[in-house]
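Participant: Next up is a structure, given as structure tokens.
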Amino acid sequence: MKTNCETVKNSLGAWLDGELGHADAEEIRRHVEGCPSCSGERRRLERVQVVLSGVLETEASRVAFEPFWDGVRRRISEERPRQARLWEWARPAFYPQRIAWAVPVAIVFLLAIFSLVQYAPGWRWGVNRGNVAAVDSIDGHGFNVAVLRESKTKTTVIWLFESQEEDDEASGEPTAKDPAF
Amino acid sequence: MDLSDWELVQRCQNGDVAAFQELVAKYYRKVYMVVLGILNHRDDAMEVAQEVFFRAYRSIQGFKGGSAFYTWLYRIAVNLSIDFQRRQKRGPTELRETMDEAVDNAEGASSANDPFLDLQSKELGQRLVAAINELTPDHRAVIVMRAIEGLSYKDIGRMLGCSEGTVMSRLHYARKKLQEKLGPYL
Ligand SMILES: [Zn+2]
Chain A
52 MKTNCETVKN SLGAWLDGEL GHADAEEIRR HVEGCPSCSG ERRRLERVQV VLSGVLETEA
112 SRVAFEPFWD GVRRRISEER PRQARLWEWA RPAFYPQRIA WAVPVAIVFL LAIFSLVQYA
172 PGWRWGVNRG NVAAVDSIDG HGFNVAVLRE SKTKTTVIWL FESQEEDDEA SGEPTAKDPA
232 F
Chain B
15 MDLSDWELVQ RCQNGDVAAF QELVAKYYRK VYMVVLGILN HRDDAMEVAQ EVFFRAYRSI
75 QGFKGGSAFY TWLYRIAVNL SIDFQRRQKR GPTELRETMD EAVDNAEGAS SANDPFLDLQ
135 SKELGQRLVA AINELTPDHR AVIVMRAIEG LSYKDIGRML GCSEGTVMSR LHYARKKLQE
195 KLGPYL
């Protein structure tokens, strides 16, 4: 099959760029040499490339090294150590005027936690209702106490009194059957 | 890869700024051409080209020599330029004023005795810059890389993060567009 101009023109760029395999390249070359239309196309393609390179090369030749390097060096020396940049990034958080809003927010937050602790639903053995407290020990060391650990800093000690009945609930405050801690 | 480049890179990795200066001296014009070709604006190109070398310096520890240094460098240049171009919408090019001289340099030898061709080439240079401005940054990148370095499609694909086939079709499209715009001047 004879190579047609359309096909050749589609591959002309890749051929000029040396990106075609040997056989394809040879076929294109033979066609272009004998086809005025395709050789004209080839000349136009080359011209675009040559003029573009020329424009960019002329521009680049005007850029002197010293000022260019000065700009690069300035950027390098301006880059502070990583820690300094990190601090710079984090520092605004510590400005007094910036944290002013945080004070009432923190107070409200603490109050909310406090009231949750106060009014949260009761806590039963074996049923964790989202309360973060954990029983550390019951009747540990032979004393009649339950140790309820609510946080790292808050531990509640509850005195246990022996119940006369065989109660399912293993603990309870003396005055309440359903203890709410 | 080029042994002397690799040696310089290794010295940079040990904190030798003078070695980096040598690499900059070797490649700054090429990088500037890549960036200028994509941005079409001298001042922006200067800024971005310097930033390219700064970024290269900052991440030189991550360069393991798997590819040529210039491939790695051009990739930074192309990415920064395309990124910059997308963020910054520039007006018409300001490069036209240098077109006469550029075209003289490029074609001086071949058309020295043909005033008509000279005139045509100058016109062509001006039109070309305007036409390139209308291409997308991706298309500009492939045509510029090819025009500057004669890089292989494989290398260009590696730099742009696309396949050789994509490079080929982008180049084909970009050239076709340029020819459409430049028709009578070619
Ligand atoms: Zn033909």
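For the record, the sequence lines run as chains A and B.
The first sequence begins at 52 in my numbering and counts up by one.
The second sequence begins at 15 in my numbering and counts up by one.
For each residue, glycine too, the CB sits at the ideal point set by N, CA and C.
(1) One question on the structure: do Ile127 of chain A and Tyr42 of chain B come within less than 8 Å of each other, judged by their Cβ atoms?
(2) Check the Cβ of Gln193 of chain B against every Cβ in chain A and list those closer than 9 Å, keeping chain order.
(3) For the candidate residues A:Leu67, A:Pro118, A:Asn61 and A:Phe165, whose alpha-carbon lies nearest to that of Met60 of chain B?
(4) Are the stretch 87-97 of chain B and the stretch 181-200 of chain B touching by the rule of at least three beta carbon pairs closer than 8 Å?
(5) For Ser125 of chain B and chain A, any beta-carbon pair shorter than 8 Å?
(6) Would Glu65 of chain B count as contacting chain A if we go by Cβ distances under 8 Å?
(7) Compute the minimum distance between the beta carbon of Ser62 of chain A and the heavy atoms of ligand 1, and state whether it is under 7 Å.
(8) Find the nearest neighbour of Ala111 of chain A within the set B:Gln27, B:Val62, B:Ser73 and B:Val48, judged by alpha-carbon distance.
(9) Does the Cβ of Gly105 of chain A have 16 or more other Cβ atoms within 10 Å, making it buried, or fewer, making it exposed?
(10) Run through chain A and tell me which residues come within less than 7 Å of Val38 of chain B, C-beta to C-beta.
(11) Given the structure, does Ser88 of chain A come close to ligand 1, in the sense that its CB is under 7 Å from one of the ligand's heavy atoms?
(12) Would you call the CB atoms of Met159 of chain B and Glu70 of chain A closer than 8 Å?
(13) According to DSSP, is His73 of chain A helix, strand or coil?
(14) Which chain B residues sit within Cβ distance under 8 Å of Ala111 of chain A?
(15) Using the beta-carbon of each residue, which ones in chain B are nearer than 8 Å to Asn61 of chain A?
(16) One question on the structure: do Arg184 of chain B and Gly64 of chain A come within less than 8 Å of each other, judged by their Cβ atoms?
(17) For the alpha helix (DSSP H) that contains Val101 of chain A, what are its first and last residues?
(18) Can you give me the Cβ contacts of Lys168 of chain B inside the same chain, cut-off strictly under 7 Å, excluding the 5 residues immediately before and after it?
(19) Is Arg69 of chain B closer than 8 Å to Leu94 of chain B when the C-beta atoms are compared?
(20) Just checking my contact of Val114 of chain A with Phe67 of chain B at CB under 8 Å: how many whole Å lie between their CB atoms?
(21) Going by other Cβ atoms of all chains shown within 10 Å of its Cβ, with 16 needed for buried, is Ile79 of chain A buried or exposed?
(22) Just confirm the distance between the C-beta atoms of Ala39 of chain B and Leu22 of chain B, as a whole number of angstroms; I'd bet it's less than 8 Å.
(23) Kindly list, in the order they appear in chain A, the residues whose Cβ is closer than 9 Å to that of Val143 of chain B.
(24) Around the C-beta of Glu129 of chain A, are 16 or more other C-beta atoms found within 10 angstroms, so that it is buried, or is it exposed?
Facilitator: Working from what's here:
(1) no
(2) Glu92, Arg95, Leu96 and Val99
(3) A:Pro118
(4) no
(5) Here the model assigns Ser125 of chain B a pLDDT of 45, short of 50, so the residue's position is not dependable and the matter cannot be decided.
(6) yes
(7) no
(8) B:Val48
(9) buried
(10) Trp120 and Val123
(11) yes
(12) no
(13) helix
(14) Arg43, Lys44, Tyr46, Met47 and Leu50
(15) His186
(16) no
(17) Pro87 to Ser112
(18) Glu178
(19) yes
(20) Their Cβ separation, rounded to whole angstroms, is 13 Å, which puts Val114 of chain A and Phe67 of chain B out of contact at 8 Å.
(21) buried
(22) 10 Å between Cβ atoms; not a contact.
(23) Leu103 and Val106
(24) exposed
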